[in-house]
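Since the structure comes first, as structure tokens, the remarks are kept for the end.
In the UniProt record's numbering, the protein residues as written are 1 to 127.
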């Protein structure tokens, strides 16, 4: 699934990123996205300093990893999670996904030219 519209359909408009481009091969994907300033996730997190919650970044990476690489598997484990820089409203980011079929894993990295926002890895098992 490399169609941007199909990837956007994975998310409710008020909860997902604005996906603007995707490049992929059989083992990796680079997804360009914008974090809309009016996402529901910013309400109350935090009132004076809005930040995209880390759990939302994990959700986005997991949904996209499953759709692109491992649709017939189920989530088993989350490892090596690191939140490095806060994601603010309006941020432009690149999500890099790397699929290791032998290990049944997909690693993720949210970044842009100047910042590394978060990294981690999902392990999946057969359904």
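Where a beta carbon is used, it is the ideal one built from N, C-alpha and C, also for glycine.
Have a look at residue 7 and residue 122 and give me their C-alpha separation to the nearest angstrom. Taking the first residue of the chain shown as 1, we reach residue 7 at position 7. Taking the first residue of the chain shown as 1, we reach residue 122 at position 122. Using only the alpha carbons, I get a separation of about 19 Å.
Note down the Cα distance separating residue 63 from residue 48, rounded to an integer number of angstroms. In the chain shown, counting from the first residue as 1, residue 63 sits at position 63. In the chain shown, counting from the first residue as 1, residue 48 sits at position 48. Taking the straight line from one Cα to the other gives about 29 Å.
Element boundaries [alpha helix (DSSP H), containing residue 139]: Residue 139 falls outside the range modelled here, since the chain spans only 1 to 127, and no answer is possible.
I need the boundaries of the beta strand (DSSP E) containing residue 99, first residue and last residue. In the chain shown, the residue the question calls residue 99 occupies position 99. Note, residue 99: beta strand (DSSP E), 92 to 100.
Out of curiosity, what's the CA-to-CA distance linking residue 68 and residue 116? As a position in the chain shown, residue 68 is number 68, starting the count at 1. As a position in the chain shown, residue 116 is number 116, starting the count at 1. Approximately 22 Å between the Cα atoms of the pair.
Give me the DSSP bridge partner(s) of residue 106. Mapped onto the chain shown, residue 106 falls at position 106. Beta-bridge pairing links residue 106 to 99, 122.
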